[in-house]
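Shown next, in structure tokens, is the structure this report addresses.
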Amino acid sequence: FFTYLAGRYGLEMTWVAAVPGVLVTVLLARWFRLAPVARETSSHFDLAALRAKRKPLLILFSLVYIRSAVQMVFSQFLPLYLNRERGFSVQSAALGLTLYLAFGGMGGFVGGNLADRFGGRRVILISMAGCLPFLALFFLTDGIWALISLALAGLLLLFTIPVNLVMGQQLVPSQAGTVSALMMGFAWGSAGLIFIPLVGWAADRVGLGTAMACVSVFPVLGFFLARMIDEDA
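Take the sequence shown: its letter number 23 is residue 27 in the working numbering, and every next letter is one higher.
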């Protein structure tokens, strides 16, 4: 949308891209209600409670970190890769990023629903194993098939966004806020802080496609880590 506006009407009209976000914000402010604080939630930081569940929390944190590394690298470099190395136009490259992020957003809803039915561990395993062939197909195919593979990879990869978070909060209900900060803040932020410059550095030496392809195999490690999850912990 932003790229379309800039290409058709010039940069001076890109402020229009903010209109949908403003409308959504107004709607959320109108209907949003604060959820009641659960009784088991503590207002004090409790290191002992976190240490008691340190092993499963570390596994979940590592899974979020792996997913975030792939997600952040693709979000950052995908338009450049599609445009410079795959021959996509600027608009088509932007469409590729939009598909990846939009299907990833849907993946969160689908993954959360499936986790309620089949359990978080199974959903994480499906996510880590399922995204791999589509990531590979993205690099091995061209045109529409590459975009379809990219969209499905985003869908499956981001299955786990709500699943990891809820599983972590269930492990330590009294420290739900701290767990959320670790999963959503520290893991995402540190993955981007480390891997975006690292992939940029590697791209200057071996090529952007090769650097991104190396990151895309990280879910293999995630699959084996997910097998260590004990949902009864």
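Even glycine gets a Cβ: it sits at the ideal position worked out from N, Cα and C.
Pairwise C-alpha distance: residue j and residue i
i    : j    : result
V23  : R12  : 17 Å
I165 : L82  : 20 Å
A207 : N87  : 15 Å
R231 : P60  : 11 Å
A217 : F143 : 7 Å
D50  : M188 : 19 Å
L118 : I128 : 10 Å
D146 : S66  : 32 Å
G196 : R71  : 11 Å
Contact check, residue i vs residue j, beta carbons under 8 Å
i    : j    : result
G112 : S131 : no
G134 : L160 : yes
L64  : N168 : yes
L225 : G158 : no
I200 : Q80  : yes
Y85  : A191 : no
S153 : L162 : no
A215 : V203 : yes
Helix, strand or coil at residue i [DSSP, three-state]
i    : result
E16  : helix
G123 : coil
Y208 : Looking at the sequence itself, residue 208 is Asp, so the reference to Tyr does not match. Helix, per DSSP.
F49  : coil
F92  : coil
K59  : helix
M232 : coil
S178 : helix
V221 : coil
T145 : coil
Cβ-based burial, residue i [other Cβ within 10 Å; buried from 16]
i    : result
A155 : buried
I233 : buried
F222 : buried
M171 : buried
F78  : buried
M17  : exposed
Closer than 8 Å to chain D by CB, residue i
i    : result
L160 : The structure shown contains no chain D, having only a single protein chain.
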